[in-house]
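The next block holds one structure in the form of structure tokens; read it before the comments.
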């Protein structure tokens, strides 16, 4: 049973207006000639991002490779942040902090240069990346032990 009070009639009117707006907006969006093109482009980008996966880790025993990896990750992180891809930029910057010889100094520089919310996300990402590097390092050392045992 529908309420016949003015409040009930007003609520029904607002609901009908909202439903009408949703239908209008959906029709306008679907009739846009670039809608399908934009949708395909967005899906293509999502597939590319899914294919990228985690960044390959350098050999931990080579200082030259570590330095090259560090500089590359800082550069990639800065570029992605400039393009507006905050999560991608944070991932690369956290990789750089994880392999950095003096992470506290790098974090101080990043704190001064990055916006507060981006720096906070970077701090949240650091334990995950550090754990990933630790797991990689332990897997590397266990494979060396296995090779030595075979000889």
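Numbering (the working numbering), first residue to last: 226 to 376.
Note that the Cβ used here is the ideal one computed from N, Cα and C, for glycine as well.
Bear in mind that the values here come from a model prediction, so they are computed numbers and not experimental data.
Original post:
Would DSSP call residue 244 helix, strand or coil?
Top reply: In this structure, residue 244 counts as helix in the three-state DSSP scheme.
**OP:** Could you check how far apart the C-beta atoms of residue 432 and residue 321 are, in whole angstroms? I think they sit under 8 Å.
**Re:** What is shown of the chain runs 226 to 376, which leaves residue 432 out entirely.
**OP:** Count the C-beta pairs between the segment 306-320 and the segment 344-360 that are closer than 8 Å, then say yes if the count reaches three, no if not.
**Re:** Of all C-beta pairs linking the segment 306-320 to the segment 344-360, three or more are shorter than 8 Å, placing the two stretches in contact.
Subject >> Contiguous alpha helix (DSSP H) assignments of at least 4 residues, all confined to the segment 281-313 >> reply: Correct list: 288-308.
**OP:** Go ahead and pull the three-state DSSP assignment for residue 229.
**Re:** Correct three-state label for residue 229: coil.
**OP:** Provide the residue span of the alpha helix (DSSP H) that contains residue 332, from first to last.
**Re:** Taken as a continuous stretch (DSSP letters only), the alpha helix (DSSP H) holding residue 332 covers 328-338.
Subject >> Supposed contact pair residue 295 and residue 325 - C-beta distance, whole angstroms, cut 8 Å >> reply: With 8 Å as the limit, residue 325 and residue 295 qualify as a contact, their Cβ atoms being about 6 Å apart.
Subject >> residue 347 versus residue 330 - alpha carbon distance >> reply: Per the coordinates, the alpha-carbon of residue 347 lies some 15 Å from the alpha-carbon of residue 330.
**OP:** Within the same chain, show all residues whose beta-carbon is closer than 8 Å to that of residue 374, passing over the 5 residues directly before and after it, in chain order.
**Re:** Summary for residue 374: the model assigns pLDDT 45, below 50, so the residue's position carries little reliability, and this model does not support an answer.
**OP:** Between the Cα of residue 351 and those of 297, 249, 332, 290, spot the shortest distance and give me the residue it belongs to.
**Re:** Residue 332 is the option with its Cα nearest to residue 351.
Subject >> Reduced DSSP category for residue 257 - H, G, I as helix; E, B as strand; rest coil >> reply: Residue 257 falls in the coil class under three-state DSSP.
Subject >> Which of helix, strand or coil DSSP assigns to residue 376 >> reply: Low per-residue confidence applies at residue 376: pLDDT is 45, beneath 50, and the placement is therefore not dependable, though the value from the model is reported in the following sentence. It is coil, neither helix nor strand.
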